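A quick write-up on the structure given underneath.
Residue numbers (my numbering): 1 to 525.
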């Protein structure tokens, strides 16, 4: 008996255009392993240059982290598939375990773009210094290179000639036009990312660079003439502080068209370091700023300040995207701080109308956050109760801190306005005023990393008790051990068990000894 309904649709009934879109949404590794040689039509689609031009041999997890491919799966791909597509590949994305098989067995004659993801720094250094085939590809073919270093820290590396990764890459890549180097830093790293005492080869071909660095001196170094054709610089600086270096910060930068500066650490050096740099960019067409400024006995940074400080020097600027936090300390001297309306009007007067802001007056001064709309950044810093509602679809990391308590209803707003939030850091020592059982359960559907180490105990109960908030993807928790033990009643009660059941990592700064119940409460640790 035929049970198929006439309305049933077979995937092969779909047109090629739709099937190709579906394939592009799937992991390429899964497509190779499951669909190659299944039938002639799938083979035509999979080996079509529109699909195969970007060879991505990584396994993307739900958090969009690239992981190595299973050995058995990759062995089949290496032997049965790679030889059939090598001449069609323009770009490769690969992790270190797959490097040897990808490059030492097949010649990719059309390859010009390469993404190296989740590499250990020592492993990458080995490839850059000893793998002849890989170095030849970098030297002869690669024009676009992305490097993502695995782990929390990048240190200066040496191969006996005291060359670091940055220098080696520039030395090897003779035709490079687009370079991205991504890594994270720890607060203990305060030295320059680059060894300024060494001769850097620079580059006569590089036009675009995206990089994370430790210090503001690194930024000045990059713009100090080593990269004559650089027109786009996207830089993330860990800390912007005063310096005794004599690196030039006055020469004009006429070739720079796009500049993006992101720095999460609060800086006192806005006037002495950031402003002089921006005033050098006389032909800039697009500017992106995310900075947190501390000022002593001075007002907030508003539209008037920005115009007089550097915008007046940028006559060709046609796009300005910004998120600027200002923290003012009055040091006992009363300062007439502008209102929120005053701040917004100062931007409107200079031609920027699509923005929002909020300001707070404190006992020691005040704080202000002003940002362009629609919001473009993946982070949102120093959110307070004065926050004004909007749609923040791009934000993945949020930091909340205030001298006034955050109530349950406010977290409800946050969950709605930041629907794709993945990382959350709450700082608040004020107890909640309303501790009644909530009438509406809050769900942070995407949140996997939560830090509640510097909070009143109320916020730990707020987030960990399943009757208040559900965290279905929570895998990383930063917290104080004493608070965690108190809320869970020494890891015996059930109130927080559901939200803690998927935890794979807990960051606790102080030393502690795990009691017997600890392991059963956190089974995946």
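Glycine is no exception: its CB is placed at the ideal position from the N, C-alpha and C atoms. From a predicted model like this one, the values you see are computed outputs, not experimental measurements.
Considered as a whole, the region 404-455 harbours 423-428, 449-455 as its complete beta strand (DSSP E) runs of no fewer than 3 residues, in chain order.
Closest by C-alpha distance to residue 124, out of 111, 94, 113, is 94. For residue 295, same chain residues with a beta-carbon under 6 Å away, outside a window of 5 residues either side, are 328 in chain order. Residue 305 and residue 344 have their alpha carbons spaced roughly 13 Å apart.
Taken atom to atom, the span from the alpha-carbon of residue 175 to that of residue 134 is near 15 Å.
By the Cβ rule, the region 322-339 does not count as touching the region 245-261, because fewer than three pairs are nearer than 8 Å. Boundaries of the beta strand (DSSP E) around residue 362: 355-362. DSSP lists 144, 208 as the beta-bridge partner residues of residue 178. Sequence-distant Cβ neighbours of residue 105 in its own chain, meaning closer than 6 Å and more than five residues away, do not exist here. Taking 9 Å as the cut-off, the Cβ atoms of residue 466 and residue 424 do not count as close.
In this chain, the alpha helix (DSSP H) harbouring residue 521 covers 516-521. Residue nearest to residue 416 within the set 241, 447, 496 is 447 (criterion: CA-CA distance).
Secondary structure of residue 130 (DSSP, three-state): helix. Under the three-state reduction of DSSP, residue 289 is assigned to strand. Between residue 287 and residue 335, the alpha-carbon positions lie close to 30 Å from each other. Its chain contains 143, 144, 205, 206, 207, 208 as the residues whose beta carbon lies nearer than 8 Å to that of residue 177, once the 5 sequence neighbours on both sides are disregarded; these appear in chain order. Distance from the CA atom of residue 132 to the CA atom of residue 139, rounded to whole angstroms, is 10 Å. Closest by C-alpha distance to residue 13, out of 41, 37, 29, is 41. The C-beta of residue 459 has 16 or more other C-beta atoms within 10 Å across all chains shown, which makes the residue buried. Between the alpha carbons of residue 117 and residue 147 lies a distance of about 6 Å. Here DSSP, grouped into helix, strand and coil, assigns residue 270 to helix. Residue pairing of residue 368 in beta bridges, as defined by DSSP: 326, 359.
The beta carbon of residue 101 lies closer than 6 Å to those of 78 in the same chain, with the five residues before and after it left out.
For residue 236, the enclosing beta strand (DSSP E) has its first and last residue at 232-239. Of the candidates 355, 377, 488, 428, 428 places its Cα closest to the Cα of residue 384. Residue 372 is a Cβ neighbour of residue 323, given a cutoff of 9 Å. Taken through DSSP and simplified to helix, strand or coil, residue 34 comes out as helix. The C-beta separation of residue 268 from residue 232 comes to about 28 Å, leaving the pair out of contact by the 8 Å criterion. When DSSP states are grouped into helix, strand and coil, residue 40 belongs to the helix group. Residue 506 carries a strand assignment under DSSP once its states are collapsed to helix, strand and coil.
Beta-carbon to beta-carbon, residue 220 and residue 261 are separated by about 12 Å, too far to satisfy the 8 Å threshold. Contact check for residue 213 and residue 240: beta-carbon distance about 11 Å, past the 8 Å limit, so the pair fails to qualify. According to DSSP, residue 90 shares a beta bridge with no other residue. Contact between residue 450 and residue 500 does not hold, since the beta-carbon distance rounds to 11 Å and is not under 8 Å. In this structure, residue 484 sits away from residue 469, with a CB-CB distance that is not shorter than 9 Å. Closest in C-alpha terms to residue 112, from the list 83, 84, 173, 129, comes 173.
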